[in-house]
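Heads up: the sequence lines are chains A and B, in that order.
Numbering follows this note's numbering, with no gaps: position 156 of the first sequence is 156.
Numbering follows this note's numbering, with no gaps: position 179 of the second sequence is 179.
Please read the structure below before turning to the comments.
Protein chains: 2
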Amino acid sequence: MAKRSVSTRVRLSRETIVASAVALADAEGLEAVTIRRLAQEHGVTPMAMYWHFSDKDSLLDGLSDYLIASVAWPESSDAPWDEQLHGLLEAFLVALRPHPALAALALRRILVAEPGLRIAERVLDLLRQAGFATERAVEIGTFLLCSVITLVASDPTPAFPAGEDHAAMKRQKTAALGALPPETYPLVVAAAPALVNCRAQDGYFALNLDLLVQGVLGLSRG
Amino acid sequence: MAKRSVSTRVRLSRETIVASAVALADAEGLEAVTIRRLAQEHGVTPMAMYWHFSDKDSLLDGLSDYLIASVAWPESSDAPWDEQLHGLLEAFLVALRPHPALAALALRRILVAEPGLRIAERVLDLLRQAGFATERAVEIGTFLLCSVITLVASDPTPAFPAGEDHAAMKRQKTAALGALPPETYPLVVAAAPALVNCRAQDGYFALNLDLLVQGVLGLSRG
DNA sequence: ACCTGAACACCGTTCAAGT
DNA sequence: ACCTGAACACCGTTCAAGT
Chain A
1 MAKRSVSTRV RLSRETIVAS AVALADAEGL EAVTIRRLAQ EHGVTPMAMY
51 WHFSDKDSLL DGLSDYLIAS VAWPESSDAP WDEQLHGLLE AFLVALRPHP
101 ALAALALRRI LVAEPGLRIA ERVLDLLRQA GFATERAVEI GTFLLCSVIT
151 LVASDPTPAF PAGEDHAAMK RQKTAALGAL PPETYPLVVA AAPALVNCRA
201 QDGYFALNLD LLVQGVLGLS RG
Chain B
1 MAKRSVSTRV RLSRETIVAS AVALADAEGL EAVTIRRLAQ EHGVTPMAMY
51 WHFSDKDSLL DGLSDYLIAS VAWPESSDAP WDEQLHGLLE AFLVALRPHP
101 ALAALALRRI LVAEPGLRIA ERVLDLLRQA GFATERAVEI GTFLLCSVIT
151 LVASDPTPAF PAGEDHAAMK RQKTAALGAL PPETYPLVVA AAPALVNCRA
201 QDGYFALNLD LLVQGVLGLS RG
């Protein structure tokens, strides 16, 4: 169904290939993003891809660049550093959220091209303002960006087990947890539905973004 | 070189297969862990694996179980909840650290079998002691465990580009960052070596484990 | 109970060639 | 400049069969 008919065939380009790869990943997960599959979707030989990308790794780099470029830079403000840090991390999160299957790719190009470097520089700057020495700012900033990716990427089995199966699997996992002996695992049993579903909920993101910023606030400077 | 000679062939079992898979992942990364490769290492047909594991997914489940089982349960104490939480997360971290290529697998079995459920229950318990309602405790606890995994798994290109190549790549990345225009990216340029290397350093883990616990401390209850 | 052998439908990629 | 075709060395997996 996702196969593009020959009549609508457009000229291949890095952009059209990346766009279809993003759509594929959203629909069926990253492991469905295959040179051969993309070629087929464009009605073209697998080898045609190698004109536009030197290999699969550079296709993934392309996806990473696409993700990073979609980060909406927060409007400048004179708010305190922690609020600005929160805003920046949130902008990163918002860009990644529509593409949980791709989120893990974000890191590979953040220290390479323009928009990613700008984000990195800003994070370091804000952490310097917070009073951290450069080395510590680097360690914290690196972890913060990794953590935002984790926040988005950790939603299990994102979409690709066709919706129906996915919901069924969640119901089954909930039931399995609920059937555990309540005297050994009282909290797990009581929280079974939450344990299975929380990573898809909005509150999960807001709460843990907060946790990260609060964590930075709680760290000793030096 | 890693191929086991026929004379030393031992009987296959789930345990011996998992052990060799762990060794393979440590040495060459998770994508080297292949049914066919493992079979070859044991001097056996690929299909022999299917007697011990129903499919590759259940092999990965086996690796996940192995990881979780290696968590050393911290000795009981009457320390405040935040110290105990720190100790538990650290125990998880210490278990994962020797196997960065496998760390990402840890989550898939934590809510399934005994030792993982025990960890989950304890995390929820400590967060309840901290004053969080069950639903929030679930959201926080889930993220904390994900974050520890991230901390370990985020070390880029763990080992498998044969050591030499790996070091060379790091030097090259550092040089690339150092060559950026310092007027646009002053902090990135100044911190180039740290940006490339920090995720392999001990301080990175200690600092960010602290960040996580401080983050929980800083969150509002309710 | 434990393993083999042949086969199938997939991968990424190289190399030479077409237009 | 952009794409095809055949080939290679890999995957996971099924099915029938051996001991």
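A virtual CB, placed ideally from N, CA and C, is assigned to each residue, including glycine.
Keep in mind the model is a prediction, meaning the values are calculated, not measured.
Three-way DSSP call (helix, strand, coil) for residue i in this model
{"i": "B:Phe-132", "result": "coil"}
{"i": "A:Asp-57", "result": "helix"}
{"i": "B:Arg-122", "result": "helix"}
{"i": "A:Ile-110", "result": "coil"}
{"i": "B:Tyr-66", "result": "helix"}
{"i": "B:Ser-154", "result": "coil"}
{"i": "B:Asp-202", "result": "helix"}
{"i": "B:Asp-165", "result": "helix"}
{"i": "A:Asp-26", "result": "helix"}
{"i": "B:Ser-224", "result": "Residue 224 of chain B is absent from the structure shown; chain B starts at 1 and stops at 222."}
{"i": "B:Arg-36", "result": "helix"}
{"i": "A:Pro-181", "result": "coil"}
{"i": "A:Arg-171", "result": "helix"}
{"i": "A:Val-213", "result": "helix"}
{"i": "A:His-52", "result": "helix"}
{"i": "A:Pro-46", "result": "helix"}
{"i": "A:Ala-101", "result": "coil"}
{"i": "A:Ala-176", "result": "helix"}
{"i": "A:Lys-221", "result": "Sequence check: residue 221 of chain A is Arg here, not Lys. Coil."}
{"i": "B:Val-94", "result": "helix"}
{"i": "B:Ala-21", "result": "helix"}
{"i": "A:Glu-15", "result": "helix"}
{"i": "A:Val-189", "result": "helix"}
{"i": "B:Val-10", "result": "coil"}
{"i": "A:Val-148", "result": "helix"}
Inter-residue CB distance, residue i and residue j (contact presumed, cutoff 8 Å)
{"i": "A:Thr-174", "j": "A:Pro-193", "result": "5 Å"}
{"i": "B:Leu-12", "j": "B:Leu-60", "result": "Actually they are not in contact, since the Cβ atoms of B:Leu-12 and B:Leu-60 sit about 18 Å apart, beyond 8 Å."}
{"i": "A:Gly-131", "j": "A:Arg-221", "result": "4 Å"}
{"i": "B:Leu-209", "j": "A:Val-138", "result": "B:Leu-209 to A:Val-138, Cβ: 17 Å. No contact."}
{"i": "B:Ile-68", "j": "B:Arg-14", "result": "Contact doesn't hold; Cβ gap of about 15 Å is too wide."}
{"i": "A:Glu-41", "j": "A:Ser-20", "result": "6 Å"}
Beta carbon of residue i nearer than 9 Å to that of residue j
{"i": "B:Ser-147", "j": "A:Ser-147", "result": "yes"}
{"i": "A:Leu-102", "j": "A:Val-22", "result": "yes"}
{"i": "B:Ala-72", "j": "B:Val-94", "result": "yes"}
{"i": "A:Leu-111", "j": "B:Val-188", "result": "yes"}
{"i": "A:Pro-100", "j": "A:Ala-153", "result": "yes"}
{"i": "A:Gln-214", "j": "B:Gln-129", "result": "no"}
{"i": "A:Asp-155", "j": "A:Ala-200", "result": "yes"}
{"i": "A:Leu-207", "j": "B:Leu-180", "result": "no"}
{"i": "B:Glu-121", "j": "A:Cys-198", "result": "no"}
Sequence-distant residues of its chain with Cβ nearer than 7 Å to residue i (five each side left out)
{"i": "B:Leu-144", "result": "Leu-89, Val-123, Leu-212"}
{"i": "A:Val-18", "result": "Gly-62, Leu-63, Tyr-66"}
{"i": "A:Asp-78", "result": "none"}
{"i": "B:Gly-178", "result": "Val-189, Ala-192"}
{"i": "A:Ile-35", "result": "Pro-46, Met-49, Lys-56"}
{"i": "B:Phe-205", "result": "Leu-93, Leu-151"}
{"i": "B:Pro-74", "result": "Gly-87, Leu-88, Ala-91"}
{"i": "A:Pro-115", "result": "Ile-68, Ala-69, Val-71"}
Contacting residues, own chain, Cβ-Cβ under 6 Å from residue i (five flanking each side not counted)
{"i": "A:Trp-51", "result": "none"}
{"i": "B:Leu-30", "result": "Ala-101"}
8 Å Cβ shell around residue i - same chain, five flanking residues per side excluded
{"i": "B:Ile-149", "result": "Leu-96, Ala-103, Ala-104, Ala-106, Leu-107"}
{"i": "A:Ala-140", "result": "Before going on, a small fix: residue 140 of chain A reads as Ile here, not Ala. Leu-127, Phe-132, Val-216, Leu-219, listed in sequence order."}
What residues in the stretch 133-154 of chain B have a beta carbon less than 8 Å from any beta carbon of chain A?
Thr-134, Glu-135, Arg-136, Ala-137, Val-138, Glu-139, Ile-140, Thr-142, Phe-143, Cys-146, Ser-147, Ile-149, Thr-150, Leu-151, Ser-154
What residues from the stretch 187-199 of chain A come within 7 Å of chain B, judged by C-beta to C-beta, listed N to C?
Of all residues in the stretch 187-199 of chain A, the ones placed with a Cβ closer than 7 Å to any Cβ belonging to chain B are Leu-187, Val-188, Ala-190, Ala-191, Ala-194, Leu-195, Cys-198, Arg-199, in chain order.
Taking Cβ-Cβ distances below 9 Å as the criterion, which residues of the stretch 198-215 of chain B are in contact with chain A?
Cys-198, Arg-199, Gln-201, Gly-203, Tyr-204, Leu-207, Asn-208, Asp-210, Leu-211, Leu-212, Val-213, Gln-214, Gly-215
What are the residues of the stretch 83-96 of chain A that lie near chain B, defined by any Cβ-Cβ distance shorter than 9 Å?
Residues passing the 9 Å Cβ filter: none.
Please name the residues in the stretch 46-68 of chain A whose beta-carbon is closer than 8 Å to at least one beta-carbon of chain B, in chain order.
none
When Cβ atoms are compared, which residues of the stretch 23-43 of chain B fall closer than 7 Å to chain A?
Within the stretch 23-43 of chain B, not one residue has a Cβ closer than 7 Å to any Cβ of chain A.
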